[in-house]
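Here the sequence shown stands for residues -11 to 176, numbered as in this note's numbering. See structure below.
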Amino acid sequence: MTLILTGIALFMIAHVASVFPPIRSRIVSRIGVNAWRGTHSLLSLAGLVIVGMNWSHAPTTAIFAPSPLAIQLAPYTNTLALILFVAGGFNFPGYLRARLHHPMVIGVLIWSVTHLLANGGMRQTVLFGSFAAYASFALLVAVAFRKRATLTPHFAADIKAGVIGVIASAAVMHGHVWLFGVPAVLGN
């Protein structure tokens, strides 16, 4: 479990520094924007690789009973999460970005909370709980620093985000065993 925690810490340190303007500005002023992007990417990738390589060795001890409602809603909430992730991550200038301002972070929050409630094991709780905590922090920082999307929205951008998000969701759900070693819940 120590290596999984190390991987999560690397990933989260990079991301917390990225969303907190005073820290990010200080780092960028010292090393430059390109070095920051490279460092951020390497730390994030290293964290994910460490988690992935050590996932099967972590304790699967049950901490709480999985929520039947979360399991039942997972295909829908995770599809919504991926649509929001795409809308924010690809900077599609749609109404999702114009109204929500931070759809990618909201998508991560929906995805992580759904996975957290639908699992209940120790390693899942640590992983998805960490992502839920990060997304909550990132959203609070964005609100506190009044980081808002300013754009002229186009409905076509929301259509693109929706189509890509639904296709990505279907691919992840059907490839979940191959990607993550456990089957996705595809509805009852």
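Every residue, glycine too, gets a C-beta built ideally from N, C-alpha and C.
G163 - DSSP class collapsed to helix/strand/coil: Taking the first residue of the sequence shown as position 1, residue 163 is located at position 175. Reduced to three states, the DSSP call for G163 is coil.
Contact under 7 Å by Cβ, G40 with F(-1): As a first step, residue 40 must be located in the sequence shown, where it is residue number 52. As a first step, residue -1 must be located in the sequence shown, where it is residue number 11. Not in contact: G40 and F(-1) (Cβ atoms no closer than 7 Å).
Where I(-8) sits in the DSSP three-state scheme: Taking the sequence shown and counting its residues from 1, one reaches residue -8 at position 4. In the three-state reduction of the DSSP assignment, I(-8) falls in the helix class.
Candidates P81, V96, A62, L88: closest to F189 by CA position: The structure shown has nothing for residue 189, since the chain only spans -11 to 176.
Exposed unless 16 or more other CB atoms sit within 10 angstroms - verdict on P91: Numbered from 1 along the sequence shown, position 103 holds the residue referred to as residue 91. Buried, since its Cβ has 16 or more Cβ neighbours within 10 Å.
Span separating the alpha-carbon of T67 from that of S13: As a first step, residue 67 is located in the sequence shown; it is residue number 79 there, counting from the start. As a first step, residue 13 is located in the sequence shown; it is residue number 25 there, counting from the start. The alpha-carbon of T67 is positioned some 34 Å away from that of S13.
Limits of the unbroken alpha helix (DSSP H) element including W99: Translated into positions along the sequence shown, residue 99 becomes position 111. Note, W99: alpha helix (DSSP H), 91 to 107.
Check whether V170 and A126 have beta carbons under 7 Å apart: In the sequence shown, counting from the first residue as 1, residue 170 sits at position 182. In the sequence shown, counting from the first residue as 1, residue 126 sits at position 138. Not closer than 7 Å, so no.
Alpha-carbon to alpha-carbon, P63 and G175: In the sequence shown, counting from the first residue as 1, residue 175 sits at position 187. In the sequence shown, counting from the first residue as 1, residue 63 sits at position 75. In this prediction, G175 scores a pLDDT of 49, lower than 50, which makes its location untrustworthy; the coordinate-derived value is nonetheless stated afterwards. G175 and P63: Cα-Cα distance of roughly 7 Å.
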